[in-house]
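What follows is a single structure, written as structure tokens, with notes after it.
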Amino acid sequence: DATARTRANLRRPEKVAALRTIRAYRTVSDDATFLLAGMTPVDLIAAENKGEGQNGATSSSGGKTTHEELHKKE
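In terms of full-length UniProt numbering, the sequence shown has 64 at position 64, counting the first letter as 1, and numbering is strictly consecutive.
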């Protein structure tokens, strides 16, 4: 699928930076890498900005996006 390849190509440089941040090996999954590094992948930020983030679903965070929740601790 072309979309999956594009997403992987977008995440590759970000994952390298995240792996260096957490000092992990490249065998760590993308999700775990970004979570441990405290980074939000650019494709997810773009989807949130486009309006595809929560699809109108309510959440325990009071409607805040994941990006906002992750970065409110900073």
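Yeah, the Cβ is synthetic: ideal placement off N, Cα and C, and Gly gets one too.
Per DSSP, what kind of secondary structure is T21 in: helix, strand or coil?
For the purposes of this step, residue 21 is identified with residue 21 of the sequence shown, where counting begins at 1. Looking at T21 - three-state DSSP - the assignment turns out to be helix.
Closest by CA to R20, which one among F34, A4 and A8?
Taking the sequence shown and counting its residues from 1, the one referred to as residue 20 is at position 20. Out of F34, A4 and A8, F34 has the C-alpha closest to the C-alpha of R20.
What is the DSSP secondary structure of P41, counted as helix, strand or coil?
In the sequence shown, residue 41 corresponds to position 41, counting from 1. Three-state result, P41: coil.
With a CB to CB cut of under 7 Å and the five nearest residues on each side skipped, what residues in its chain are close to D43?
Residue 43 sits at position 43 when you count from the first residue of the sequence shown. Excluding sequence neighbours, D43 sits near R7, L10 and R11.
Backbone CA spacing between A32 and D1 [nearest angstrom]
On the sequence shown, position 32 is the one that residue 32 refers to. On the sequence shown, position 1 is the one that residue 1 refers to. Distance between the alpha carbons of A32 and D1: 23 Å.
Out of G51, R26 and D30, state which residue places its alpha-carbon closest to the alpha-carbon of P41.
Within the sequence shown, the letter at position 41 stands for residue 41. Closest by alpha carbon: D30.
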